[in-house]
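What follows is a single structure, written as structure tokens, with notes after it.
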Amino acid sequence: MKHMKSLALAAAGVIALSAMAASGVLAAVSPSASAIISARKANFRKMGAAAKVLKTELAGNADKAKMLAAAKTIAANGRLQGALFPAGTGPSAGVKTDALPVIWTDRATFDADMKKLIAESDKLVTVANSGDAAAIGAQFKVVGGTCAACHRQFHKEH
Numbered sequence: 096m097k098h099m100k101s102l103a104l105a106a107a108g109v110i111a112l113s114a115m116a117a118s119g120v121l122a123a124v125s126p127s128a129s130a131i132i133s134a135r136k137a138n139f140r141k142m143g144a145a146a147k148v149l150k151t152e153l154a155g156n157a158d159k160a161k162m163l164a165a166a167k168t169i170a171a172n173g174r175l176q177g178a179l180f181p182a183g184t185g186p187s188a189g190v191k192t193d194a195l196p197v198i199w200t201d202r203a204t205f206d207a208d209m210k211k212l213i214a215e216s217d218k219l220v221t222v223a224n225s226g227d228a229a230a231i232g233a234q235f236k237v238v239g240g241t242c243a244a245c246h247r248q249f250h251k252e253h
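Residue numbering for the sequence shown follows our numbering, beginning at 96 and increasing consecutively.
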């Protein structure tokens, strides 16, 4: 029970930080670098889980409702990600992050990649709404390629 409450509180915190980031309140409130990094990692995990749902559905039943929900999760969380990389939340913050310093030294390229993610994720939602598994699969590959291209430039390899 305590574990469930902790998870619920952590989730509420991530949602609050994400909402603040999207609304521009993040700069005024100045949450810690650790909190911001945790929020962006949580968003990436949500996007990854949604991608897994899409992959599973495309390999099996191709349930339209599940695919649409997953596509909407990717689009909604993708929309928040760019704001979760403010100055001071990179490796120099002293908090573990796989974000590379180039995010902050080449912000224009990073922001362009975030805009591309939003655009391609929005297309995924539109296609998922059609229920056409082949079209969804094709757009899902485009979104995956967009993610991979950004990771190659801005994410530390393990």
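Even glycine gets a Cβ: it sits at the ideal position worked out from N, Cα and C. Note that this is a predicted model, so its numbers are computed, not measured.
If you check the CB distance, Ala228 and Ala144 do not come in under 8 Å.
For Ser127, the closest C-alpha among the options Gly183, Ala233, Ile213 is that of Gly183.
Within 10 angstroms of the beta-carbon of Gln234 lie 16 or more other beta-carbons, which makes it buried. With contact defined as three or more Cβ pairs closer than 8 Å, the segment 165–182 and the segment 190–209 are in contact.
Taken through DSSP and simplified to helix, strand or coil, Ala171 comes out as helix. Linking Lys141 to Ser216 through their CA atoms gives a straight-line distance of about 14 Å.
Taking 8 Å as the cut-off, the Cβ atoms of Ala160 and Val220 do not count as close. Shown here, Ala194 sits in a strand according to DSSP, grouped into three states. Secondary structure note for Gly232: its alpha helix (DSSP H) is the uninterrupted segment 228–249. Nearest in C-alpha terms to Gly185, of all of Glu152, Arg135, Met162, Val148, is Arg135.
When DSSP states are grouped into helix, strand and coil, Phe180 belongs to the coil group. If you check the CB distance, Ile213 and Ala223 do not come in under 8 Å. Counting only the Cα atoms, Lys147 lies some 31 Å from Gly189.
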